[in-house]
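Letter by letter, the sequence shown follows residues -19 to -1, 1 to 402 in mature numbering (1 follows the signal peptide of the UniProt record, and there is no 0).
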Amino acid sequence: MILKPAILIFAFITGSLFAQEMPNTNEETRQGPPKPPMGKRWVLNPDFSDEFNGTELDTTKWYDHHPTWIGRPPGLFMASQVSVGDGFLKMTSKKLEKDTIVHAYGRDITFNVGGAAVVSKKSTQFGYYECRVKAAATTMSTTFWFSSSNNFKGPNDCDKYGLEWDIHESIGREGDFSGSYFASGMHSNSHFWYTDCDGEKHDYRAPQVKFEDERLTSEDFNIYGGWWQNESTASYYYNNRAPKHQKFYDKIKDKPFDQPMYMRLVSETYPFPWIEIPTAKELNDPSKNTVYYDWVRAYKLVDNNNPNSEEEHNLNLYNENVSFDSPIIAQTKSTSIEIPLTYKANKDREIELKLFDDEGEKIAESKFIAYAGYANLTSVIKVDEKLATDVPYKLTARIRPVDGDNKNTLDESTLYINLIN
């Protein structure tokens, strides 16, 4: 059995994943949220995070089905196709032995493929969300997305709208169909589902964001991330790539994505003939028919000085460090020197700052509690009198356990400061 240690920053896995080939782990892949805005700190949002290290789905967080959708024919969402084990959430598709007719939405619908869906029990708004997943090697989907569960009142009182934010959608193999490109890279969309005052429904979308890749999504694990920044914009992250950005469709509402949504992990059939229906052979092949979600993680922004103790966890998400964006900064001469810095801490830490003159003599020092998370802040170090502008100054920053000393230093960085009038 393969167990995935939760304490690792990069999950390196060896051995066999049943009959499926294991991923190539020669290259490290970025994970975790991007640099936070000044004065803010990323902390884990546990309601939408799961390492899937147990033996069953955590039903305090997740449904093992889609509460309001039974699936796109011919793929029926079935709780029996959802499982947790060996460090993964698994969605295993299958060919049904016979057609299954379900009466839903006022009509009889025929299904012959078993798919799967896992949906969060809570809704969320804004934040950074990412997952590490390996697609099934079929034309079943592998997805990571959010949507609202009902419609909201539109700007004209007689209209209404719903929201959908697709961080990633894909399939796991190519074929002779127009949607074959969905088998590689990352594909991100946002939908403003609008019903006008005449009752006509519209699917208004922002331009799709795409990351190209020669590899199939079923060849290896990939990390797909999305930052829902505000009501108007989102950014997308694929493995080590630079982010790409999207402005939501705003012709109906100036700030369209203003409502909370639910997280959805889904393996479904896509519309034919855009993507062909998976064959019985591949659906019944255990080396191809399973989607493996390694983990899903969510982060929310809090103020730097917010302890956020209610969100404590045991994950070591970061290589703990303290750093500066630039090796040299210029500061106006003053008795208070502002020091911009970032840090990453898996638990509450202490950061010590020391300022030295050009001869190595210590001029001033300060320290503060660095609350757990990924922070971007400005700290102030005070000096007794205004310093000269004709000499360079060196500042060191150390991050260490609270009430620790230099022997316990976890990381250290140096900054040079030029004072100006």
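A virtual CB, placed ideally from N, CA and C, is assigned to each residue, including glycine. Just so we're clear, the structure is a prediction, and the values are computed from it rather than from any experiment.
Proximity below 8 Å, CB of residue i to CB of residue j
i, j, result
"Y230", "P237", "yes"
"K234", "P136", "yes"
"D339", "K21", "no"
"S169", "G207", "yes"
"K363", "S317", "yes"
"S199", "M72", "no"
"M19", "N302", "no"
"L396", "F305", "yes"
"residue 404", "G160", "Residue coverage of the chain in this structure runs from -19 to 402, which leaves residue 404 outside it and unanswerable."
"W174", "F107", "no"
"Y217", "K228", "no"
"E111", "Q12", "yes"
"N287", "N327", "no"
"H46", "F58", "yes"
"E120", "G156", "Checking the sequence shown, residue 120 turns out to be Thr, not Glu. Yes."
"S74", "V99", "no"
"S165", "D201", "no"
"Y299", "K325", "yes"
"R330", "R278", "no"
"D140", "D177", "yes"
"P14", "Y205", "no"
"L391", "S360", "no"
Straight-line Cα distance separating residue j from residue i
i, j, result
"D80", "G96", "14 Å"
"I148", "T124", "8 Å"
"W23", "K103", "20 Å"
"F192", "I401", "44 Å"
"L70", "S101", "14 Å"
"T36", "Y273", "14 Å"
"I152", "M167", "10 Å"
"Y162", "N211", "30 Å"
"T215", "I310", "Contrary to the premise, residue 215 reads as Ala rather than Thr in this sequence. Approximately 31 Å, taken between the alpha carbons."
"S307", "E319", "14 Å"
"E78", "Y44", "25 Å"
"P54", "M244", "22 Å"
"Y109", "E150", "17 Å"
"N220", "D371", "45 Å"
"E9", "G354", "The predicted position of E9 is uncertain, since its pLDDT is 46 and thus under 50; a value taken from the coordinates is nonetheless stated next. Straight-line Cα distance between these residues: approximately 21 Å."
"S171", "G52", "20 Å"
"P17", "L282", "8 Å"
"K182", "S61", "34 Å"
"N7", "I344", "Confidence is the limiting factor: at N7 the pLDDT is only 38, short of 50, which leaves the residue's position unreliable and the question unanswerable from this model."
"D239", "W126", "16 Å"
"residue 410", "S347", "Since the first residue shown for the chain is -19 and the last is 402, residue 410 is missing from the structure and cannot be characterised."
"K232", "R186", "10 Å"
"D275", "T313", "49 Å"
"W50", "H294", "33 Å"
"K134", "P48", "22 Å"
"V83", "N203", "35 Å"
For residue i, the three-state DSSP class (helix, strand or coil)
i, result
"K21", "strand"
"N302", "strand"
"S394", "strand"
"N389", "helix"
"N221", "coil"
"A261", "helix"
"A118", "coil"
"T316", "coil"
"N357", "strand"
"H84", "strand"
"C178", "coil"
"I204", "strand"
"I233", "coil"
"S128", "strand"
"W209", "strand"
"Y251", "coil"
"V383", "coil"
"H294", "coil"
"I309", "strand"
"G269", "Going by the sequence as given, residue 269 is Lys instead of Gly. Of the three classes helix, strand and coil, the one that applies to K269 here is coil, per DSSP."
"N93", "strand"
Check: residue i C-beta below 7 Å from any heavy atom of the ligand GTP
i, result
"Y251", "Summarising the ligand content, the structure contains no ligands, and the ligand GTP is consequently not present."
Min CB distance residue i to chain B below 8 Å
i, result
"G20", "Protein chain content of the structure displayed is limited to a single chain, and chain B is not contained in it."
Check your understanding: Would the segment 26 to 40 and the segment 355 to 374 be scored as touching if the rule is three or more Cβ pairs under 8 Å?
Key -> no
Under 8 Å, with one C-beta from each stretch per pair, do the segment 372 to 389 and the segment 319 to 334 reach the 3-pair mark? yes
Query - Segments of 4+ residues assigned as alpha helix (DSSP H) that fall wholly inside the segment 140 to 164 - result: none
query = Is there contact here, the segment 245 to 264 with the segment 129 to 141, by at least three beta-carbon pairs under 8 Å?
reply = Between the segment 245 to 264 and the segment 129 to 141, the count of Cβ pairs shorter than 8 Å is below three; the stretches do not touch.
Evaluate contact between the segment 80 to 91 and the segment 110 to 121, counting only Cβ atoms and requiring at least three cross-stretch pairs below 8 Å. no
*Kindly provide the ranges of any beta strand (DSSP E) runs that are 3 or more residues long and lie completely inside the segment 11 to 79, ordered along the chain.*
21 to 25, 56 to 58, 63 to 66 and 69 to 73
**Request:** Could you say if the segment 261 to 268 and the segment 55 to 66 meet the contact criterion of at least three C-beta pairs nearer than 8 Å?
**Result:** no
- Query: What residue ranges within the segment 325 to 376 form continuous beta strand (DSSP E) runs of no fewer than 3 residues, ordered along the chain?
  - Reply: Those beta strand (DSSP E) runs which fall completely within the segment 325 to 376 and span 3+ residues are 330 to 337, 343 to 351 and 354 to 363.
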